[in-house]
Every structure is written in C-alpha cells, then in structure tokens.
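Chains as they are written, first to last, in my numbering: chain U, 8 to 320; chain V, 7 to 530.
This is the structure we're talking about:
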C-alpha cells in the first residue's frame, strides 16, 4: 500500500461511561476494537447499517469525539491534532451552515478557519463555485438555499482549502442524479490529484462506482474489508440477453437453482465449458444473442449478505 | 491559531450580529431617543420643539405640575432636564432594559454553535474549541458595543447640535455598558454550553443579572452606606457631646451587633467580592463623566471633607510651603494638604489634615485611651499659644461654631453635615489667625485662615464666612451619589475601581474558562 494516511488499531469508544462505573462496563460501546489503514490517494468507503459506528469512527479521527481507547492516527499524528486537521476537509451528514452568511462568505469563513488567507481563497473560489454548480447563487444567504444547494456549498467548504484528506459523510444526500454525477466527477478528480477520500454512504451503488476499497462495519466492529472486486465476487451464474425469448426456455435449459428469466434474457449457473453449448443451442433456434455477462454480486447484495450472516439470519 | 483564523472569527462575529433581527429592531429603537434630541432642543431657559415651531419656558412647564409654581431662575434647568433625559435613555433603557434585551438576543449564540450539524462543521477546524467559544463571547460584545455607540453618539450629537449642550462624558457610556454586558454575557455563555438551551440560558442569566445586581451588589452598597452614615452620625454626635462636656472627652460605644447579623453581613461581603460588581458600571460612567467636569476645589476621600470652590480672589498655591501658625505645633496641625492665597486682602487659606490621635486620659473614674476631639485639640492649641507666645488667655478667642452650617442643599437634603468644631482665634506679629478644628471618622482637620490684623472687621468677617461656607463634610444621603463618591482609582480596596473591575473581569474569565472546559469535554 502507498503511504498510510489513516491508521487505526484496536480502537474502542464507549459513550456515557462514567469513570467510577468504568469497571462495571456501563455505557454504550460504539466501537469495539476497530482496526484499518487507508493509503494516500485512495477512495475509501465505509459501509454499515445505522448505529454501526461509522460516524463515530470519522469523528474520532477528526477530534470531534474524544476519550477513545486505542490507536488512531491521521498523517502520523494523533487523531484530532490541529496540525492534522489543517490538512483535512469534512462534509458532515446533515450539516448546518451559518444561515446569516452567503455561500461565498461560508467558503471564505471555513477556508480561513482552515488557515488559508482570504486572498488565496478568493483566487480559487470562482472555480470551486462553478465546479459544484453554485456560481449563480453564491451571493445568496444560506437560509435561502434548498437542501441540495446546501449540500453543494457544504461540499465546496470541505474542499476549498485544498485538503489532502477528505471525509465525506453521505455526500450525495439530497442531491439530484445530475448533481450526483458531478460529485462523482469531483471525487475522481480528487483521486487523480492524490487526495485521499473517505466516504461514508448508504448509496451502495455510488460507493461501488467510486471506491477502491470498502469496509463494512456492524455493531462497532469491522466485519468485512476489501477491494470492490473482492467485495463483489462472481456468483458462477451467467446472464444471456437474447431476442426473442424462446417460449420453451424451461425445456431448453435447466432454470432451477439460480436460473432466472425476464423479458430480455435469462440467467444460468454454468461453467466456462458449458457456455458454448448454450450458445450453440440458442443459435440453432435462430435466436439472436445480444450479450453474455458473468454475473457478479452487487455491493448491495454483498453488504446485505454479510450483515445478515453477522446477525445469524 | 494564525491571523487568518482570528480574522475569520471576528468576521463571523460581526456578520452574526449584523444579521440578527433583534439587533436590527434595537437599532431602530435606539434611533427614537436620538430623533428626540434632534427634534427637541433643551435651551438654557426654554424647551424648543421642532426647530422653533413651539417654545415652552421651564417655568411655564413647572407651573402646570402639582406644586410646581417654582422659579428656575437660580437653577441649572437645562442641565437638570438633560440629566433626567440621559438617566432615562442611557442609564435605564441602556443599562437595564438594553442589557436585558441584549441577553435575550445573544443567548442563542452558544447553543446554536454546539447543536448537531453546526458543531461538526465548525469544531473539526484546526482551532482550539476555547477560541471558538470566545469568538461567540466577542460577538456578544460587538452586539452591545455597536448598539451603544450608535445610541450614545447620536444622543451626544443631538444635544450638542440642537440644544447646544456639550457633554462628551456621555460617550463613556458605550464602553461602560459594553463592560456591564460583558459581565453577564459570560454567565449566558456558561449556561448555554452546560444546557445547550437558549431558553435556559436567557432565564438563568436574567435571574443572575437581577439577583446579583439588585440583591447582592445593591444590598452591599446599602449596607455600606447605612454603616458609613451610622458611623458618621455617631462620630458627629460624639463630637457634639464632647464639645458640650466639661473636659472634652466622651466614652466610645461598644459593638452590639448580633451573631446572625454578623454572619449575614459576612456572607453579603463574600458574595459581593466574588460576584461581578455590575452596579459599579453605572457609577463608573458617572466617574468617567466627571473627568470632563470641574470638580471640588479640595476633597479628602477618607473623611468626606470638601472645599466646594475658592471664593473671592483666592487662588490655589503650593501647600507644601505652608508652616503651622505656631512653631513646633506640627503634631496639632498635621500635613498641609491644600493652600490658597488672596492677594486682594493679603489673606491665606490652609487645610491641614492628619489621622485622629488617641490620648491616654483619666476619664470617668479610670485611665482610658480615647480619641481626641475638636474641643480638646482647640484647648490644646490655646494652651500652646499661652506657653509659647506668652499670650494672655483673654487674647485668645474660642468659639464653638459648627462646620458646614451654611444651608447649601442637594437632591436629598443638606449638602453638608453639621459637625462640631472648635475655633481658636488670636493675633500675633500683625497677623490675625483663625484656626477651626474638627474631626470626622478617623481623620482630623484644621482650616487655617490668616489675614492682616489691621483688616477691616466687616470685610474680614465676610471673607471668613464665605470661605467657611464652602467647607464641610458631605451629607451623602443619596445612595447613588454616596457610592459614586466612595469609588475611586485610589480608594481603599472595597471601593477601589481597579479591584472592582479586576475582580469582575476575574469572575467573567472564570465563567469563560469553566465554559471552555465543559466545551472541551463534549463529544459531538
């Protein structure tokens, strides 16, 4: 792996624990021995059901939550160290920006709070406003913004000071499909520039499209970690898109087991050698083959499967 | 935190205030008294409405009030009306109502900052949480400072332009009101971070503002004034009894206060010293305004003895050159603290001051240590004059006229207390010496008047009476005036302005540090 930007080992966090009652183990255990590493320039996805501990992990890394036990470092510095935070951008979930400021003032304020000079920010601001589609609304007050506009300007505030590491918590929340494409584009650009992106999202399709590596958390623990390819393995089934769909499809092939069909094609569990036989059968009947795809698990299917197994379902 | 971050916090504070709706409403409200000062002119003898459209003399206004058939010929009616106006609009509406509204308008600063969503965006920035907390405190100060600057400057300009009344001292009010607000805003900040509730913050802060101001601070001032007045009254009464007694001494009273009263007074003292002296802010304004006004010719802060003004052709001279009228009588006179010369009559005035001596005397059947009295010291001087100068007893005139009996009045009664005195008058070397001894609290004074022996008697009597009419011990029955007079930059600790401001700021700093400590421990 490239240079490690985030390093977490055996991290534990208990909320609501009083020192005197510590030995009784009271309080809510949000993290239970979490360990992970994130390399420079990667796009890292953090997945998990509600209450899994994802946001707690991010907030510990940003110094927003304190009192965790274990090892947590960002840029080789203790989590929450101001020198590390200076190099970090963060778009929180359900964030609230100061309603008394305009979009432009928000970017100036948060950019300066990250240590950048006003003139430095003013040079780069038009490009960022344009990139998130807010150039025309930059001088309106935040209170006049829709949820999607607030999300866009929130994303810009996370990036305006050009951080090396960006935490995005539900970045496409409230954003329309066109806007989501823009955000995906921005993340790709960040990756190209060597910026490390740490994404927490429930939109697993998006994560699958954007991320290099993902971690699935549940009940404060990491239950699965790997690259997108590792998380979406082949199922052994192959999908055939054909035209027309033969009426006696059930007689031609054994559709029991994983076999499924719809008005565009069907799916069969076959090995590589059996695919030729299927093609021959279809061609012999004059059926046009429009596509053959080895079937992979989607990230969503993989996620649900992993979480279900974790819960013993 | 670098300079850019500091500028960002300041910028945020200003924007937050300027966008505040309550702030805008208050700006409109403060324009009302400003408009008032521009539409109504308070002239020396009349009130002019709408640039001369209507004119009312002060006498005609007073005549329509019950019992108001009074001539204002000898009164500074303009000053009195403007004082009343500024007392209402600056001291009350600004000092009390204004602070209350400002508390209500700024109480949301901290709860809003730390609510979910806002806190995440702000607190992940590389700035210490305490500085972010302080920035909200600063925003509150900006809020009140901008308002008071607009109000006070507007009123000052209105009075100057339309009424021709120049009182630059009023401008201090913007600073003292900001200081006052700063002392209570810290409580709002602490409650805000502890409870995360705007409503709780407003209620607790208002409770603190009134509880501390009305009960603790005003209660302490009232206690101090009552005790001080009682002390002076007792001292005056003892002086009078001593003057009337044969040998000039009286027994001192014993402390008869009960245990519970003692505990109550100690508790009140402790609370007063710990909590911010919010009521001092108003007195501070009065004192700072006084810096622009002509004060008394002489005043002794410890004994409340003052010389109002110099009469006739008297002009102040260096007191250090003065020597007692009788050689080797320094012990009787003390230090020359004030002196003036009148070249017209070739006379001089010297005020001598010192600590009251205690003397061991045989009194009421046994030997006792008792404080000196005007009578004993006057008689001591008379004896000294006989011993040193060889004057006959008949050549020394002794008089018991009290000090401060010329009847000058203030709002709440006579300006001066009637204090027992002992006048010793004699002639020596072509000069006539008139020394009036008197004591208040633990101080002892001598007013020395020296004139040529051949001066016309009527002229001398007039000259002497006019000077003595300006001398006396303040009768401070008005609580506000009494306390303002006690306060000073060099007063004793409990009335010292450095201590008042320092201990109040220490309280505010303590509240902010406690708030910062709490904020540091919050998991967002």
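Glycine included, C-beta positions come from ideal geometry on N, C-alpha and C.
(request) Would you mind telling me which residues of chain U sit closer than 8 Å to residue 123 (chain V), beta carbon to beta carbon, in chain order? (result) By 1-based counting over the second chain, the position of residue 123 (chain V) is 117. Under the 8 Å cutoff, chain U gives 99, 101, 102 and 103.
(request) Step through the CB atoms of chain V and report whether any lies within less than 9 Å of the CB of residue 124 (chain U). (result) Taking the first residue of the first chain as position 1, residue 124 (chain U) is located at position 117. Flagged as an interface residue toward chain V: residue 124 (chain U), by a C-beta distance shorter than 9 Å.
(message) Just to confirm the assignment, what range does the alpha helix (DSSP H) spanning residue 12 (chain U) have?
(response) Your numbering for residue 12 (chain U) matches position 5 in the first chain. DSSP places residue 12 (chain U) in no alpha helix (DSSP H) but in the uninterrupted beta strand (DSSP E) bounded by 11-22.
(message) Is there a Cβ of chain U sitting closer than 9 Å to that of residue 168 (chain V), yes or no?
(response) The sequence position of residue 168 (chain V) within the second chain is 162, counting from 1. Chain U contact via Cβ: absent.
(request) Quick one: using the 10 Å Cβ neighbour count with 16 as the cut-off for buried, is residue 174 (chain V) buried or exposed? (result) The residue you call residue 174 (chain V) lines up with position 168 of the second chain. So residue 174 (chain V) counts as exposed.
(request) Kindly say whether residue 152 (chain U), judged by its beta-carbon, lies nearer than 9 Å to any beta-carbon of chain V. (result) Within the first chain, residue 152 (chain U) is the residue found at index 145, counting from 1. Judged by the 9 Å Cβ criterion, residue 152 (chain U) is not in contact with chain V.
(message) On the DSSP letters alone, give me the boundaries of the alpha helix (DSSP H) that residue 162 (chain V) sits inside.
(response) Mapped onto the second chain, residue 162 (chain V) falls at position 156. In the DSSP annotation of this structure, the continuous segment of the alpha helix (DSSP H) that includes residue 162 (chain V) starts and ends at 135-164.
(request) Tell me the start and end of each unbroken beta strand (DSSP E) in the region 38-112 of chain V that is at least 3 residues and wholly inside, in chain order. (result) Runs of the beta strand (DSSP E) inside the region 38-112 of chain V: 46-48, 52-55 and 60-63.
(request) Go ahead and label residue 126 (chain V) buried or exposed: buried means 16 or more other beta carbons lie within 10 angstroms of its beta carbon, across all protein chains shown. (result) As a working note, residue 126 (chain V) is residue 120 in the second chain. Under this definition residue 126 (chain V) is a buried residue.
(message) By the three-class DSSP mapping on this structure, what secondary structure does residue 477 (chain V) have?
(response) Translated into the one-based positions of the second chain, residue 477 (chain V) becomes position 471. DSSP places residue 477 (chain V) in strand when its eight states are reduced to three.
(message) Restricting to Cα atoms, I'd like to know which of V:342, V:425 and V:48 is closest to residue 381 (chain V).
(response) Within the second chain, residue 381 (chain V) is the residue found at index 375, counting from 1. Check the Cα spacing between residue 381 (chain V) and each of V:342, V:425 and V:48: the tightest is with V:425.
(message) One question on the structure: do residue 518 (chain V) and residue 196 (chain V) come within less than 9 Å of each other, judged by their Cβ atoms?
(response) Reading the second chain from its first residue, position 512 is the one you call residue 518 (chain V). Reading the second chain from its first residue, position 190 is the one you call residue 196 (chain V). Residue 196 (chain V) sits close to residue 518 (chain V), with the two beta carbons spaced by under 9 Å.
(request) Could you work out which residues of chain U lie near residue 1 (chain V), taking near to mean beta carbons separated by less than 8 Å? (result) Look at the range of chain V in this structure, 7 to 530, and you will see that residue 1 (chain V) is not part of it.
(request) Measure the alpha-carbon distance for residue 177 (chain V) versus residue 294 (chain V) and round it to whole angstroms. (result) Here residue 177 (chain V) corresponds to residue number 171 of the second chain, with the count starting at 1. Here residue 294 (chain V) corresponds to residue number 288 of the second chain, with the count starting at 1. Their backbone Cα atoms lie some 10 Å apart in a straight line.
(message) In the DSSP assignment, the alpha helix (DSSP H) including residue 257 (chain U) goes from what residue to what residue?
(response) Along the first chain, read from residue 1 onward, the residue named residue 257 (chain U) stands at position 250. Bounds of the alpha helix (DSSP H) holding residue 257 (chain U) are 256-259.
(request) Note down, in chain order, every chain U residue with its Cβ under 9 Å from the Cβ of residue 11 (chain V). (result) Your numbering for residue 11 (chain V) matches position 5 in the second chain. Near residue 11 (chain V) (Cβ distances below 9 Å), the residues of chain U are 119, 120, 121 and 122.
(request) On the DSSP bridge assignment, give the partners of residue 135 (chain U) in chain order. (result) Stepping through the first chain from its first residue, residue 135 (chain U) is reached at position 128. Paired residue(s): none; residue 135 (chain U) is not in a bridge.
(request) Report the three-state DSSP secondary structure of residue 209 (chain U) (helix, strand or coil). (result) As a working note, residue 209 (chain U) is residue 202 in the first chain. For residue 209 (chain U), the secondary structure class from DSSP, reduced to helix, strand or coil, is coil.
(request) Pick out the complete alpha helix (DSSP H) segments inside the region 366-432 of chain V, 4 residues or longer, and give them in chain order. (result) Fully enclosed alpha helix (DSSP H) runs of 4 or longer: 380-395.
(request) Residues of the region 184-211 of chain U with a CB closer than 7 Å to any CB of chain V: list them in chain order, please. (result) So nothing in the stretch comes that close.
(request) Assuming residue 19 (chain V) contacts residue 148 (chain V) (C-beta within less than 8 Å), just tell me the rounded distance between them. (result) In the second chain, residue 19 (chain V) corresponds to position 13, counting from 1. In the second chain, residue 148 (chain V) corresponds to position 142, counting from 1. With a Cβ gap of about 5 Å, residue 19 (chain V) and residue 148 (chain V) count as contacting.
(request) With DSSP collapsed to three states, give me the class of residue 191 (chain V). (result) As a first step, residue 191 (chain V) is located in the second chain; it is residue number 185 there, counting from the start. Residue 191 (chain V): helix per DSSP, three-state reduction.
(message) For a quick check, are the C-beta atoms of residue 409 (chain V) and residue 357 (chain V) less than 9 Å apart?
(response) Here residue 409 (chain V) refers to the residue found at position 403 of the second chain. Here residue 357 (chain V) refers to the residue found at position 351 of the second chain. Not a contact, by the Cβ cut-off of 9 Å.
(request) Could you name the residues of chain U that residue 14 (chain V) contacts, counting a contact when the two beta carbons are closer than 7 Å? (result) For the purposes of this step, residue 14 (chain V) is taken as residue 8 along the second chain, with counting starting at 1. Residues of chain U passing the Cβ test: 116, 119 and 120.
(message) If I follow the unbroken beta strand (DSSP E) through residue 342 (chain V), where does it start and stop?
(response) Indexing the second chain from 1 puts residue 342 (chain V) at position 336. DSSP places residue 342 (chain V) inside the beta strand (DSSP E), whose first and last residues are 341-348.
(request) Please name the residue or residues paired with residue 289 (chain V) in a DSSP beta bridge. (result) Residue mapping note: residue 289 (chain V) aligns to position 283 of the second chain, counting from 1. Per DSSP, none; premise fails for residue 289 (chain V).
(message) Three Cβ pairs or more, each shorter than 8 Å: is that satisfied between the region 227-247 of chain V and the region 361-370 of chain V?
(response) They do not touch, by the three-pair rule.
(request) Run down chain U in chain order and give the residues with a C-beta less than 8 Å from the C-beta of residue 131 (chain V). (result) Taking the first residue of the second chain as 1, we reach residue 131 (chain V) at position 125. Within chain U, the residues whose beta carbon sits less than 8 Å from that of residue 131 (chain V) are 92, 117, 120 and 121, listed in sequence order.
(message) Less than 9 Å between CB atoms is the rule here; does residue 233 (chain V) satisfy it with respect to chain U?
(response) Locating residue 233 (chain V) in the second chain gives position 227, counting from the first residue. Under the Cβ distance rule, residue 233 (chain V) does not count among the residues neighbouring chain U, no pair being separated by less than 9 Å.
(request) Flag residue 422 (chain V) as yes if its beta-carbon sits less than 9 Å from any beta-carbon of chain U, otherwise no. (result) In the second chain, residue 422 (chain V) corresponds to position 416, counting from 1. With 9 Å as the cut-off, residue 422 (chain V) does not count as an interface residue toward chain U.
(message) So residue 157 (chain U) contacts chain V; which residues on that side make the cut at Cβ distance below 8 Å?
(response) In the first chain, counting from the first residue as 1, residue 157 (chain U) sits at position 150. Taking the beta carbon of residue 157 (chain U) as reference, no residue of chain V falls within 8 Å; the closest one sits roughly 10 Å away.
(message) Going by DSSP, what residue range makes up the beta strand (DSSP E) through residue 495 (chain V)?
(response) Against the second chain, residue 495 (chain V) aligns to sequence position 489. Residue 495 (chain V) -> no beta strand (DSSP E), and no H or E assigned at all.
(message) For a cutoff of 9 Å on Cβ pairs, would you count residue 21 (chain V) as touching chain U?
(response) Position 15 of the second chain, counted from the start, is the residue given in the question as residue 21 (chain V). For residue 21 (chain V), the answer is yes, since a Cβ of chain U falls inside 9 Å of its Cβ.
(message) Beta carbons nearer than 9 Å to chain U: which residues of the region 179-211 of chain V have them?
(response) Going along the region 179-211 of chain V in chain order, one finds no residue with a Cβ nearer than 9 Å to chain U.
(request) Can you have a look at residue 471 (chain V) and say buried or exposed, based on whether 16 or more other CB atoms are within 10 angstroms of its CB? (result) For the purposes of this step, residue 471 (chain V) is identified with residue 465 of the second chain, where counting begins at 1. Residue 471 (chain V) is exposed by the Cβ-count criterion.
(message) Taking the straight line between their C-alpha atoms, what separation do you get for residue 116 (chain U) and residue 229 (chain U)?
(response) Reading the first chain from its first residue, position 109 is the one you call residue 116 (chain U). Reading the first chain from its first residue, position 222 is the one you call residue 229 (chain U). Distance between the alpha carbons of residue 116 (chain U) and residue 229 (chain U) is about 36 Å.
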